[in-house]
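Participant: Residue numbers (our numbering), protein chains in the order written: chain A, 14 to 251; chain B, 14 to 251. Built from N, CA and C at the ideal position, the CB exists for glycine as well. Attaching a single structure in structure tokens format; questions to follow.
2 protein chains.
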Amino acid sequence: MRAPYGLNILDNCLTCPVREEHIFCNLSVQAGQRLNDIKSTAVYPKGAMLFIEGQQPRGVFVLCAGKAKLSTSSREGKTIITKLSDAGDVLGLNSVISSRPYEVSAEMMEPGQANFIPRESLLQFLKDHGEVALRVAEQLSRNYYTAYEEIRTLGLATSPSEKFAKLLLSWSTKSTQNDGSSPVKLTLTHEEIAEIIGTTRETVSRLFSEFKKKQLLQLKGSTLLIRNRPALEKIVQS
Amino acid sequence: MRAPYGLNILDNCLTCPVREEHIFCNLSVQAGQRLNDIKSTAVYPKGAMLFIEGQQPRGVFVLCAGKAKLSTSSREGKTIITKLSDAGDVLGLNSVISSRPYEVSAEMMEPGQANFIPRESLLQFLKDHGEVALRVAEQLSRNYYTAYEEIRTLGLATSPSEKFAKLLLSWSTKSTQNDGSSPVKLTLTHEEIAEIIGTTRETVSRLFSEFKKKQLLQLKGSTLLIRNRPALEKIVQS
DNA sequence: AATTGCTTGTGATCACCATCACCGGTGCAC
DNA sequence: GTGCACCGGTGATGGTGATCACAAGCAATT
Numbered sequence: 014m015r016a017p018y019g020l021n022i023l024d025n026c027l028t029c030p031v032r033e034e035h036i037f038c039n040l041s042v043q044a045g046q047r048l049n050d051i052k053s054t055a056v057y058p059k060g061a062m063l064f065i066e067g068q069q070p071r072g073v074f075v076l077c078a079g080k081a082k083l084s085t086s087s088r089e090g091k092t093i094i095t096k097l098s099d100a101g102d103v104l105g106l107n108s109v110i111s112s113r114p115y116e117v118s119a120e121m122m123e124p125g126q127a128n129f130i131p132r133e134s135l136l137q138f139l140k141d142h143g144e145v146a147l148r149v150a151e152q153l154s155r156n157y158y159t160a161y162e163e164i165r166t167l168g169l170a171t172s173p174s175e176k177f178a179k180l181l182l183s184w185s186t187k188s189t190q191n192d193g194s195s196p197v198k199l200t201l202t203h204e205e206i207a208e209i210i211g212t213t214r215e216t217v218s219r220l221f222s223e224f225k226k227k228q229l230l231q232l233k234g235s236t237l238l239i240r241n242r243p244a245l246e247k248i249v250q251s
Numbered sequence: 014m015r016a017p018y019g020l021n022i023l024d025n026c027l028t029c030p031v032r033e034e035h036i037f038c039n040l041s042v043q044a045g046q047r048l049n050d051i052k053s054t055a056v057y058p059k060g061a062m063l064f065i066e067g068q069q070p071r072g073v074f075v076l077c078a079g080k081a082k083l084s085t086s087s088r089e090g091k092t093i094i095t096k097l098s099d100a101g102d103v104l105g106l107n108s109v110i111s112s113r114p115y116e117v118s119a120e121m122m123e124p125g126q127a128n129f130i131p132r133e134s135l136l137q138f139l140k141d142h143g144e145v146a147l148r149v150a151e152q153l154s155r156n157y158y159t160a161y162e163e164i165r166t167l168g169l170a171t172s173p174s175e176k177f178a179k180l181l182l183s184w185s186t187k188s189t190q191n192d193g194s195s196p197v198k199l200t201l202t203h204e205e206i207a208e209i210i211g212t213t214r215e216t217v218s219r220l221f222s223e224f225k226k227k228q229l230l231q232l233k234g235s236t237l238l239i240r241n242r243p244a245l246e247k248i249v250q251s
């Protein structure tokens, strides 16, 4: 089965490769089947907005393939990226449960696919399946936890270099090889990195220069290599 | 019934005055009764720590009387206050549900009383009462929402004056009288205000001076009066 | 190859706010 | 009373990072 944007469509949750990590999976057979029935699926190009900050929640999106970025903006146009989402993530859950507007916008960073579960259907489903509601609560509390890490870095980590070092470390720990090195494929622009750590494009550019000069990292094409992890950790906790 | 610190002990949730606002109230009779059985209550002096950031969660606290502040600190001692809690609030819920360490510390700002529900009892209770789990999920998503407002102010509002104005407005809207004025009783020190908006004590002091000179606000003893709300709103959105 | 648009590097400048320092006030305990 | 701890006001200073400006690199399209 072929789809737009060169993707293969995943048309059944029960056979989805990211099934294991997914909060709506490993359900009882009938619950899983019912969920599979009420969802619809769609394919999105790069740049597509799944939803926009301030909108009334229509439902949740389950990212099946591709990456998305969640961001919030001020009226003057300043933007911060609060999360990068991968396949398996559930987007918009908080807004649907609390019946408040989406608190962020979700934009596809590459072509991908997402399942959509309408608000009403989900709420009814949760009422019928109390055991799943507790898992939703667990997911929400995890979201809350990461929100607090964001608060800590924004509010406590003072200098841009500290936040930058922190970001680099969080990337590299996710991708550590057995030889200790941890190459990271850079897919973000300096501008986007700046929006993550709450600074400007220019400062990010200068930070890259500075860290390269200090031998903390190395760039091969778009692949980033951490050269001196202890030094980075020292910058973070300083 | 008299208690330490000049408080009257509230010994039964079913007759508690803040019952209505409380997520664990308006339950079915048997659920409410069971919850009343598994909770214990205690009275705390000013400065008491209900729990401390990083601890494994022992359970949730339901604030019955008094105010508490939630804060998180960095190793170097910088602290931010993330929330001020009143009677009726449930503290530590996220950590218990997600089984992660408390992400904040909770300190009593004045003498008060709190009910304690042990972790295991609560989780078992939620498993037995799926309908309450959904309400817990709703509460968690509301928490998440306020966390995002915190993220927005920390990450998007650039200048201290902007955050200060924002804080003043949030206080005054909670206490607007029918004549349009909105006196606020100031119970926080400059230091604490600084920890809320992420700046220093000195800057807060200077902001008070500046805003007074600009006729934006007025101080009568410890009562704060907003004199020019539109101007404050303009500072916020600027 | 040329054009266009987006991204990145880097210099110069400057406002802002954290920091340090010090003093006066107020309440509290002894 | 005296001492102590905390709180609030205010000056001086300096570093830091945002901002502006411009050039150069790179990719896609025609």
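In whole angstroms, what is the alpha-carbon distance linking A/ARG15 and A/TYR57?
Facilitator: By 1-based counting over the first sequence, the position of residue 15 of chain A is 2. By 1-based counting over the first sequence, the position of residue 57 of chain A is 44. In this predicted model, A/ARG15 has a pLDDT of only 47, less than 50, meaning its place in the structure is not dependable; the value taken from the coordinates is given anyway. Their backbone Cα atoms lie some 14 Å apart in a straight line.
Participant: Is the Cβ of A/ARG113 closer than 8 Å to any Cβ of chain B?
Facilitator: Taking the first residue of the first sequence as position 1, residue 113 of chain A is located at position 100. Yes, A/ARG113 lies at the interface with chain B (some Cβ there is under 8 Å from its Cβ).
Participant: Hey, is A/ALA127's beta-carbon within less than 8 Å of any beta-carbon in chain B?
Facilitator: Stepping through the first sequence from its first residue, residue 127 of chain A is reached at position 114. Not an interface residue.
Participant: With DSSP collapsed to three states, give me the class of B/PRO70.
Facilitator: Taking the first residue of the second sequence as position 1, residue 70 of chain B is located at position 57. Of the three classes helix, strand and coil, the one that applies to B/PRO70 here is coil, per DSSP.
Participant: Quick one: is A/VAL249 buried, meaning 16 or more other Cβ sit within 10 Å of its Cβ, or exposed?
Facilitator: Working through the first sequence from its first residue, we reach residue 249 of chain A at position 236. Label assigned to A/VAL249: buried.
Participant: Which of helix, strand or coil does DSSP assign to B/LYS91?
Facilitator: Taking the second sequence and counting its residues from 1, the one referred to as residue 91 of chain B is at position 78. Of the three classes helix, strand and coil, the one that applies to B/LYS91 here is coil, per DSSP.
Participant: Going by beta carbon distance, what residues of the same chain come within less than 8 Å of B/GLY1, once the five residues before and after it are set aside?
Facilitator: With chain B covering 14 to 251 only, the question about residue 1 of chain B has no answer from this structure.
Participant: Roughly how many angstroms separate the alpha carbons of A/SER118 and B/ASP50, rounded to a whole number?
Facilitator: Residue numbering aside, residue 118 of chain A sits at position 105 when the first sequence is read from its first letter. Residue numbering aside, residue 50 of chain B sits at position 37 when the second sequence is read from its first letter. Cα to Cα, A/SER118 sits roughly 44 Å from B/ASP50.
Participant: Note the first and the last residue of the continuous beta strand (DSSP E) segment covering B/ALA55.
Facilitator: Counting from one through the second sequence, the residue named residue 55 of chain B turns up at place 42. 53 to 57 is the extent of the beta strand (DSSP E) around B/ALA55.
Participant: Alpha carbon to alpha carbon, what distance is there between B/ALA61 and B/LYS233?
Facilitator: The residue you call residue 233 of chain B lines up with position 220 of the second sequence. The residue you call residue 61 of chain B lines up with position 48 of the second sequence. Computed Cα separation, rounded: 30 Å.
Participant: Given a limit of 8 Å on CB to CB distance, which residues of the segment 196 to 213 of chain A reach chain B?
Facilitator: Listed by position along the chain: GLY211.
Participant: Around the Cβ of A/VAL42, are there at least 16 other Cβ atoms within 10 angstroms (buried) or fewer (exposed)?
Facilitator: Here residue 42 of chain A refers to the residue found at position 29 of the first sequence. Flag for A/VAL42 reads exposed.
Participant: Applying a beta-carbon distance threshold of less than 7 Å, which residues of chain A neighbour B/ARG165?
Facilitator: Within the second sequence, residue 165 of chain B is the residue found at index 152, counting from 1. Ordered by position in chain A, the residues that pass the 7 Å Cβ test against B/ARG165 are THR85.
Participant: Name the DSSP bridge partner or partners of A/GLN126?
Facilitator: Sequence index remark: in the first sequence, residue 126 of chain A carries index 113 (1-based). A/GLN126 pairs with A/VAL56 and A/ALA78.
Participant: So, at 6 Å on beta carbons, what are the nonlocal neighbours of B/PHE129 in its own chain, with the 5 sequence-adjacent residues on each side left out?
Facilitator: For the purposes of this step, residue 129 of chain B is identified with residue 116 of the second sequence, where counting begins at 1. Same-chain partners within the cutoff: SER53, GLY72 and PHE74.
Participant: On the three-pair Cβ rule with 8 Å, is the segment 219 to 230 of chain B touching the segment 143 to 155 of chain B?
Facilitator: No, the segment 219 to 230 of chain B is not in contact with the segment 143 to 155 of chain B.
Participant: What is the C-beta distance between B/SER87 and A/LEU169, in whole angstroms, given that I count them as a contact (C-beta under 8 Å)?
Facilitator: On the second sequence, residue 87 of chain B is found 74 positions in, with the first residue counted as 1. On the first sequence, residue 169 of chain A is found 156 positions in, with the first residue counted as 1. The pair is a contact, with the Cβ atoms about 4 Å apart (cut-off 8 Å).
Participant: Are the C-beta of A/THR236 and some C-beta of chain B separated by less than 8 Å?
Facilitator: Reading the first sequence from its first residue, position 223 is the one you call residue 236 of chain A. Cβ-Cβ to chain B under 8 Å: no for A/THR236.
Participant: Assign B/LYS227 to buried or exposed, taking buried as 16 or more other Cβ atoms, counted over all protein chains shown, within 10 Å of its Cβ.
Facilitator: Residue numbering aside, residue 227 of chain B sits at position 214 when the second sequence is read from its first letter. Per the 10 Å Cβ criterion, exposed.
Participant: Out of curiosity, what's the CA-to-CA distance linking A/GLY79 and B/ALA127?
Facilitator: Here residue 79 of chain A refers to the residue found at position 66 of the first sequence. Here residue 127 of chain B refers to the residue found at position 114 of the second sequence. C-alpha separation (whole angstroms): 46 Å.
Participant: What residue range is occupied by the uninterrupted beta strand (DSSP E) comprising A/ALA119?
Facilitator: The residue given as residue 119 of chain A occupies position 106 in the first sequence. Residues 118 to 121.
Participant: Just to confirm, are B/ILE164 and A/GLU163 a CB contact at a threshold of 8 Å?
Facilitator: Here residue 164 of chain B corresponds to residue number 151 of the second sequence, with the count starting at 1. Here residue 163 of chain A corresponds to residue number 150 of the first sequence, with the count starting at 1. Cβ distance < 8 Å, so B/ILE164 and A/GLU163 count as in contact.
Participant: Just verifying my parser: in three-state terms, what is the DSSP assignment at A/ILE110?
Facilitator: The count along the first sequence starts at 1 and reaches residue 110 of chain A at position 97. Looking at A/ILE110 - three-state DSSP - the assignment turns out to be helix.
Participant: Can you tell me which of the three DSSP states B/GLN250 falls into?
Facilitator: Translated into positions along the second sequence, residue 250 of chain B becomes position 237. Reduced to three states, the DSSP call for B/GLN250 is helix.
Participant: So what's A/SER195 in DSSP terms, helix, strand or just coil?
Facilitator: In the first sequence, counting from the first residue as 1, residue 195 of chain A sits at position 182. Looking at A/SER195 - three-state DSSP - the assignment turns out to be coil, as it is neither helix nor strand.
Participant: Write down the C-beta distance between A/ALA207 and A/LEU229 rounded to the nearest angstrom, noting that I regard them as a contact closer than 8 Å.
Facilitator: One-based indexing of the first sequence puts residue 207 of chain A at position 194. One-based indexing of the first sequence puts residue 229 of chain A at position 216. That pair is no contact at about 18 Å.
Participant: Can you tell me whether B/THR159 sits near the ligand MN, meaning its C-beta is under 7 Å from at least one heavy atom of the ligand?
Facilitator: Absent from the structure shown: the ligand MN. Ligands present: none.
Participant: Using a beta-carbon distance below 8 Å, is B/ASP110 in contact with chain A?
Facilitator: The residue given as residue 110 of chain B occupies position 97 in the second sequence. First, the residue type needs correcting, since residue 110 of chain B is Ile and not Asp in the sequence shown. With 8 Å as the cut-off, B/ILE110 counts as an interface residue toward chain A.
Participant: Please decide whether B/ARG15 counts as near chain A, where near means a Cβ-Cβ distance under 8 Å.
Facilitator: On the second sequence, residue 15 of chain B is found 2 positions in, with the first residue counted as 1. With a pLDDT of 46 at B/ARG15, under the threshold of 50, the modelled position of that residue is not reliable, and the figure given next carries that caveat. So, not an interface residue.
Participant: Can you find the residues in the same chain that come closer than 6 Å, C-beta to C-beta, to B/HIS142, ignoring five residues on each side of it along the sequence?
Facilitator: Taking the first residue of the second sequence as position 1, residue 142 of chain B is located at position 129. Correct list, in chain order: ALA44.
Participant: Taking a cut of 7 Å between CB atoms, which residues from the segment 144 to 166 of chain A lie near chain B?
Facilitator: Answer set for the segment 144 to 166 of chain A: GLU144, ALA146, LEU147, VAL149, ALA150, GLU151, LEU153, SER154, ARG155, ASN156, TYR157, TYR158, ALA160, TYR161, GLU163, ILE164 and ARG165.
Participant: Going along the segment 72 to 100 of chain A in order, which residues come within less than 9 Å of chain B, judged by CB to CB distance?
Facilitator: Answer set for the segment 72 to 100 of chain A: THR85, SER86, SER87, ARG88, GLU89, LYS91, THR92, ILE93 and THR95.
Participant: Per DSSP, which one or two residues make a beta bridge with B/PRO173?
Facilitator: Within the second sequence, residue 173 of chain B is the residue found at index 160, counting from 1. B/PRO173 is not bridged to any residue.
Participant: To which residues of the same chain is B/ALA178 closer than 7 Å at the C-beta, ignoring the five residues directly before and after it?
Facilitator: In the second sequence, the residue the question calls residue 178 of chain B occupies position 165. Result list for B/ALA178: LEU245, ILE248 and VAL249, in chain order.
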